[in-house]
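Q: Heads up: the sequence shown is residues -12 to 388, going by our numbering.
Can you keep this structure in mind? I'll have questions shortly.
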Amino acid sequence: MSPDQSRPTQIRTNTLDAITASTDHITAAVRSCLEERLAWYSRLPADTRSWVGILAQSAIRAFIAWYRAGQREGESFASVFSLAPRELTRSISLSQTVELTRTVVSVVEEHVMALAAADEIDAVRAAVATFSREVAFSAARAYAVAAESRGAWDARMESLVVDAVMRGEYDDDVVSRAATIGWHDRHSVFVVVGETPHAADEAVDQMRSHLRRQRIDSLFSVQGRRLVLMIGGAENPGKTVSELSHCFGPGPLVYGPSVAHLMTANKSAHAALAGSRACPGWVNAPRPVAAEELLPERILDGDVTARRHLVDHVFTPLDALGNGLLETADSYLRCGRSVEATARSLFVHANTVRYRLSRIEEHIGYDLTNPREAYVVEVALTVGRLEAAAASRADDGATRQ
């Protein structure tokens, strides 16, 4: 009821006094009705039920104070749910609170009507209607504030978890914190790094909803111009990130390799960050792009991990296989990827070159007839030879000593 509305009829002071004196009795009746009418109420912890009783009593007293003040003290109702601890909004859902409110109002109306005289009935009924509405508004405000606070807390916790994982500070506390904000024990985890969009909050909400519908876990951290996303449980990382690409800002969008679980996700994060820095070196790079597709650019940008990966997975296997595979790869790249020119330089038949190229692809997974993959192998052979030369110099130095 707004301040400009007047009461249709006064509730007499002695009636208000009688209601005041019956506050404890009405509160007890409320508790009894809650247990009788709401099956879930009796399953609540004792301290939660106690708080419900306190709130009911507070609401009744607020009703009396409001009416005595001439129905102009709206703050009396606004403070009803502010008394409750924040944990109460976690123990009791909003829909359950609506049921509680209806029961409380019903009991209050029944007892107040019984205490009122016949000519006060209309005034009592109007007052109780206002009481019902204002208590409902108070509950809604309490849940809105709790949701906003919980959302801010979750966002801070989410950023802390992502930051800890990216720094490699993974322990049981990090896993526990991740679990409190909805992360499950996923066995396929990878990290995505992109540019923060203009409307970051809306974009994050959109991505989170999309992933949740697919039963995929996600953790976000907005780090200035950089938006970091940790994904768990996606069967196809490339497809998953592609579906989210429009939510990121312009610029490189890089995702790291999948790892076994959250505790090792810093490996994926390192690769994604290194790829994001190096991506401008690849003109017309795909978007999104896997960090492992940016190995040459990452090496040129000083990424030791990428250098080690190419040496271990390209140069060393080719060198160990023998049968002229390393020499064929080197010659093929030097001869402009011409089979005939390579055959002449190696004094072998062209079909031998083709056979060796197929063996190379079979063993290292790179097709030298593809320009991009040939570039990757060329960089791998270069850094491999540099490492071999450095190792040789070290051995010579040790021998002289």
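Each residue gets a CB set at the ideal place from its N, CA and C atoms; glycine is no exception.
(1) Tell me the rounded alpha-carbon separation between residue 159 and residue 15.
(2) Hey, would you say residue 147 sits closer than 8 angstroms to residue 173, going by beta carbons?
(3) Are the beta-carbon atoms belonging to residue 324 and residue 356 less than 8 angstroms from one another?
(4) From residue 360 to residue 353, what distance separates their C-alpha atoms?
(5) Is residue 285 buried or exposed, if buried means 16 or more other CB atoms sit within 10 Å of its CB?
(6) In angstroms with no decimal places, state the Cα-to-Cα distance between residue 261 and residue 215.
(7) Go ahead and pull the three-state DSSP assignment for residue 290.
(8) Just grab the DSSP bridge partners of residue 218 for me.
(9) So who's on the other strand from residue 276, going by DSSP bridges?
(10) Check residue 213 in the structure and name its three-state DSSP category.
(11) So, with DSSP's three-state summary, where would you put residue 270?
(12) Out of curiosity, what's the CA-to-CA distance linking residue -1 and residue 194?
(13) Where does residue 21 land, buried or exposed, given buried means 16+ other C-beta within 10 angstroms?
(14) Under three-state DSSP, which class holds residue 145?
(15) Hey, residue 243 and residue 256 are a contact pair by Cβ (cut 8 angstroms); roughly how many whole angstroms apart?
(16) Can you tell me which of the three DSSP states residue 370 falls into?
(17) Just curious, the alpha helix (DSSP H) that residue 253 is in, first and last residue?
(18) Buried or exposed for residue 199, going by 16 or more other Cβ atoms inside 10 Å?
(19) Any idea what DSSP makes of residue 182, helix, strand or coil?
(20) Cα separation between residue -7 and residue 81?
A: From the atom records:
(1) Reading the sequence shown from its first residue, position 172 is the one you call residue 159. Reading the sequence shown from its first residue, position 28 is the one you call residue 15. If you take the alpha carbons of residue 159 and residue 15, they lie about 46 angstroms apart.
(2) Indexing the sequence shown from 1 puts residue 147 at position 160. Indexing the sequence shown from 1 puts residue 173 at position 186. No; because the gap between Cβ atoms is not below 8 angstroms, this pair is not in contact.
(3) Counting from 1 along the sequence shown, the entry for residue 324 is found at position 337. Counting from 1 along the sequence shown, the entry for residue 356 is found at position 369. For residue 324 and residue 356, yes; Cβs fall inside 8 angstroms.
(4) For the purposes of this step, residue 360 is taken as the residue at position 373 of the sequence shown. For the purposes of this step, residue 353 is taken as the residue at position 366 of the sequence shown. Spanning the two alpha carbons is a distance of roughly 6 angstroms.
(5) As a position in the sequence shown, residue 285 is number 298, starting the count at 1. So residue 285 counts as buried.
(6) The residue labelled residue 261 in the question sits at position 274 within the sequence shown. The residue labelled residue 215 in the question sits at position 228 within the sequence shown. Roughly 13 angstroms separates the two Cα atoms.
(7) In the sequence shown, the residue the question calls residue 290 occupies position 303. Of the three classes helix, strand and coil, the one that applies to residue 290 here is coil, per DSSP.
(8) Counted from its first residue, the sequence shown places residue 218 at position 231. According to DSSP, which records beta bridges pairwise, residue 218 is partnered with 177, 205.
(9) Here residue 276 refers to the residue found at position 289 of the sequence shown. Paired residue(s): 241.
(10) Here residue 213 corresponds to residue number 226 of the sequence shown, with the count starting at 1. Reduced to three states, the DSSP call for residue 213 is strand.
(11) By one-based count along the sequence shown, residue 270 stands at place 283. Here residue 270 sits in coil by DSSP.
(12) Your numbering for residue -1 matches position 12 in the sequence shown. Your numbering for residue 194 matches position 207 in the sequence shown. Using only the alpha carbons, I get a separation of about 59 angstroms.
(13) Numbered from its first residue, the sequence shown carries residue 21 at position 34. With 16 or more Cβ atoms within 10 Å of its Cβ, residue 21 is classed as buried.
(14) In the sequence shown, residue 145 corresponds to position 158, counting from 1. Helix at residue 145.
(15) Along the sequence shown, read from residue 1 onward, the residue named residue 243 stands at position 256. Along the sequence shown, read from residue 1 onward, the residue named residue 256 stands at position 269. Right, their Cβ atoms sit about 6 angstroms apart.
(16) Translated into positions along the sequence shown, residue 370 becomes position 383. Three-state result, residue 370: helix.
(17) By 1-based counting over the sequence shown, the position of residue 253 is 266. It spans 252 to 265 - the alpha helix (DSSP H) in which residue 253 sits, taken as one unbroken run.
(18) For this step, residue 199 is matched to residue 212 along the sequence shown. When all chains shown are included, residue 199 counts as exposed.
(19) Here residue 182 corresponds to residue number 195 of the sequence shown, with the count starting at 1. Note: residue 182 maps to strand in three-state DSSP.
(20) Translated into positions along the sequence shown, residue -7 becomes position 6. Translated into positions along the sequence shown, residue 81 becomes position 94. Residue placement at residue -7 cannot be trusted, given a pLDDT of 41 that sits under 50; what the coordinates show is reported in the next sentence. If you take the alpha carbons of residue -7 and residue 81, they lie about 32 angstroms apart.
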